[in-house]
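Only one structure is covered here, and it is reproduced in the block below.
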Amino acid sequence: MTGLSHLFSKKDLELLSNYHSLIEKDLEQCRLDYLNDYPYIREPLDYIFKAPAKRLRALLILVFGEIFGAKTEQLLVLVRAVELMHASTLIHDDLPCLDNDDYRRGIPSLHKVFGEGEALLLGNIIFSLALKQISQLNLDSYLNIGDISRDKSCY
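The sequence shown lines up with residues 1 to 155 when you count with our numbering.
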């Protein structure tokens, strides 16, 4: 964000910084919850959650969600889902059968640290956890999708 900081006002940069802090705090709580719920994958899960990340997708969700009046609590559920799904795709993308990348964001790829099999399984587990997050969203009440889907003029 430093390279683009001249494009934003000081107020905008403060807002983005506050959002980023909120996202990191929420994802840290998510990490702790998952470490308690899934102790058998503690080390690789911890490795993924602590990897450096820009969180651009998460910031966009919060910014646009606020513009459209969505509630922060629900937006954070969506943020967790998107960040988990993105992490799972990166894990799978780095595998030897795909891009065979040894490093991701300057640290060894998950399969280099924990092995290819464990990385494949963790990518699948994280994808499932993302879907679990999405299932917790009540889209009808927060996005008024129910009204649109029942409107026959949309067909």
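Just so you know, even glycine gets a beta-carbon here, dropped at the ideal spot from N, CA and C. These figures come from a predicted structure and were not determined experimentally.
At the C-beta level, V77 and Q29 stay beyond 7 Å of one another. For N36, the enclosing alpha helix (DSSP H) has its first and last residue at K10 to D37. Per DSSP, the unbroken alpha helix (DSSP H) holding L110 starts and ends at L110 to F114. Approximately 6 Å separates the beta-carbon atoms of P44 and E118; this is inside 8 Å, confirming the contact.
Taken through DSSP and simplified to helix, strand or coil, R55 comes out as coil. Nearest C-alpha to R55 among F127, L7, D93 and S21: S21.
The DSSP-derived three-state label of R104 is strand. The beta carbon of D102 sits closer than 7 Å to those of P108, S109 and K112, all from its chain and outside the five residues before and after it, given in chain order.
Segment contact: the stretch 84 to 94 against the stretch 122 to 132, three or more CB-CB distances shorter than 8 Å; contact assigned.
Ranked by Cα distance from L75, the options R42, D26 and I41 are led by D26. From the listed residues A58, L121, F49 and V79, the smallest Cα separation to L32 is found for F49.
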